[in-house]
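Novice: Provided herewith is a single structure, encoded as structure tokens, for subsequent inquiry.
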Amino acid sequence: MSPGGAARGRSIADQAERMVGWLKTVTGEFEIPDLYVVGRDDWDAVASFPVYGMPHEAPDRIVVGQEPAEFWDAVLDSIDPFLSRPDRAELVRVYGDPVTLGGFADLLVSHEIGHYLHPVADGADPTSFWLREMLANLALQGYVSEMEPSLEETLLTVVQVCWRSTGSSWQFTELTDMGRATDGDGANYVWYEFGLQVLTKRLWTNAGVTALRRLIDLLSGPAPTQDEAIAAIEALDPGVAADLRQWPRFVS
Ligand SMILES: [Zn+2]
């Protein structure tokens, strides 16, 4: 951790430890690297993602921001013109006024840990890209649903509100373009993650640990084609597969 960040580092590390403990009971042993919780001044030296505070994983480290990150404001700004009055009220009810997504962002270390459940695959393959993100979201969803259900509202409210508030104003919207959406201020990429989280919540509810293990298998062999990946998910949850085929035309 960066100087002055001991309390924050401890709290993220504690959450990571709870996640790893739960996940190993479901999937068996797996290796995770060191966790870095870093301030703004140290970000560029440690991170492999340029946008400050965007949690991410690398072969040898998990990197999380220590201070509140502006890109969450970019996400909120991107949906602001499209918010219905009830959705605006819902954001305030769950995240306060002004809306701050710190509590939501703190959960994302569990997503990063979910990336270590399978061997590192070719980062350029567009199907493997969204499938890897879906697995990490499924691990996060499973952890929150099973171990910290009181935080499910914190996890899903901004996800669902954002997904139903936008859809037409992004540079990238095709499912297979998710990997290209990492450029810019991060909001377009977060929109993809939110769409996958909407589907992942349903996948966990309907198929749970079976889905988690199936996605790990899928990512541990040769890269599946888009049709093969969606067909595998169809066997777990036909509704989620149908929505993947018509991405992004489904509602949260
Ligand atoms: Zn991820």
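Going by our numbering, the first residue of the sequence shown is number 4, and it counts up by one from there.
All C-beta atoms, glycine included, are put in the ideal place defined by N, C-alpha and C.
Nothing here was measured: the structure is a model prediction, and the numbers come from that model.
(1) Would you decide whether Lys-27 is buried or exposed? Buried here means 16 or more other CB atoms lie within 10 Å of its CB.
(2) Would you check if the distance between the CB atom of Ser-81 and the CB atom of Val-66 is smaller than 9 angstroms?
(3) Could you pull out every residue in the same chain whose Cβ sits closer than 8 angstroms to the Cβ of Leu-104, ignoring the five residues on either side in sequence?
(4) Are there 16 or more other CB atoms within 10 angstroms of the CB of Gln-18, so buried, or fewer, so exposed?
(5) Grouping DSSP H, G and I as helix and E and B as strand, with all else coil, what is His-59?
(6) Is the beta carbon of Ala-139 within less than 8 angstroms of some heavy atom of ligand 1?
(7) Taking C-beta to C-beta, are Val-41 and Val-54 nearer than 9 angstroms?
(8) Look at the Cβ atom of Gly-182, then the Cβ atom of Ala-127, and state whether they are nearer than 9 angstroms.
(9) Are there any heavy atoms of ligand 1 lying less than 8 angstroms away from the beta-carbon of His-114, as far as the coordinates show?
(10) Check Gly-211 in the structure and name its three-state DSSP category.
(11) Using the C-alpha atoms, what's the distance from Phe-33 back to Val-147?
(12) Report yes or no: do the region 176-192 and the region 207-225 share at least 3 C-beta pairs separated by less than 8 angstroms?
(13) Report yes if the C-beta distance between Gly-56 and Pro-36 is below 9 angstroms; otherwise report no.
(14) Closest to Asp-188 by C-alpha separation, out of Ala-234, Gln-174, Glu-151, would be which residue?
(15) Based on Cα-Cα distance, which residue from Ser-113, Pro-227, Gln-200, Ser-5 lies nearest to Thr-130?
(16) According to DSSP, is Gly-68 part of a helix, a strand, or is it coil?
Specialist: Reading it off the structure:
(1) Position 24 of the sequence shown, counting from 1, holds the residue named residue 27. Answer is exposed; the Cβ neighbour count stays below 16.
(2) As a first step, residue 81 must be located in the sequence shown, where it is residue number 78. As a first step, residue 66 must be located in the sequence shown, where it is residue number 63. Contact flag unset, no.
(3) One-based indexing of the sequence shown puts residue 104 at position 101. Within the same chain, Leu-104 has close Cβ partners Trp-75, Val-78, Leu-79, Tyr-98, Val-161.
(4) Working through the sequence shown from its first residue, we reach residue 18 at position 15. Classification for Gln-18: buried.
(5) Start at 1 with the first residue of the sequence shown, and residue 59 comes out as number 56. If DSSP states are grouped into helix, strand and coil, His-59 belongs with the strands.
(6) Here residue 139 corresponds to residue number 136 of the sequence shown, with the count starting at 1. Yes, Cβ of Ala-139 sits closer than 8 angstroms to a heavy atom of ligand 1.
(7) Within the sequence shown, numbered from 1, the residue matching residue 41 stands at position 38. Within the sequence shown, numbered from 1, the residue matching residue 54 stands at position 51. No; because the gap between Cβ atoms is not below 9 angstroms, this pair is not in contact.
(8) Translated into the one-based positions of the sequence shown, residue 182 becomes position 179. Translated into the one-based positions of the sequence shown, residue 127 becomes position 124. Going by C-beta atoms, Gly-182 is nearer than 9 angstroms to Ala-127.
(9) The residue you call residue 114 lines up with position 111 of the sequence shown. Within the cutoff, so yes.
(10) As a first step, residue 211 must be located in the sequence shown, where it is residue number 208. Three-state DSSP puts Gly-211 in a helix.
(11) Locating residue 147 in the sequence shown gives position 144, counting from the first residue. Locating residue 33 in the sequence shown gives position 30, counting from the first residue. Using only the alpha carbons, I get a separation of about 20 angstroms.
(12) no
(13) For the purposes of this step, residue 56 is identified with residue 53 of the sequence shown, where counting begins at 1. For the purposes of this step, residue 36 is identified with residue 33 of the sequence shown, where counting begins at 1. No, Cβ-Cβ distance for Gly-56 and Pro-36 is not below 9 angstroms.
(14) For the purposes of this step, residue 188 is identified with residue 185 of the sequence shown, where counting begins at 1. If we check each option's Cα against that of Asp-188, Gln-174 comes out closest.
(15) For this step, residue 130 is matched to residue 127 along the sequence shown. Comparing Cα-Cα distances from Thr-130 to each of Ser-113, Pro-227, Gln-200, Ser-5, the minimum goes to Pro-227.
(16) Within the sequence shown, the letter at position 65 stands for residue 68. Note: Gly-68 maps to strand in three-state DSSP.
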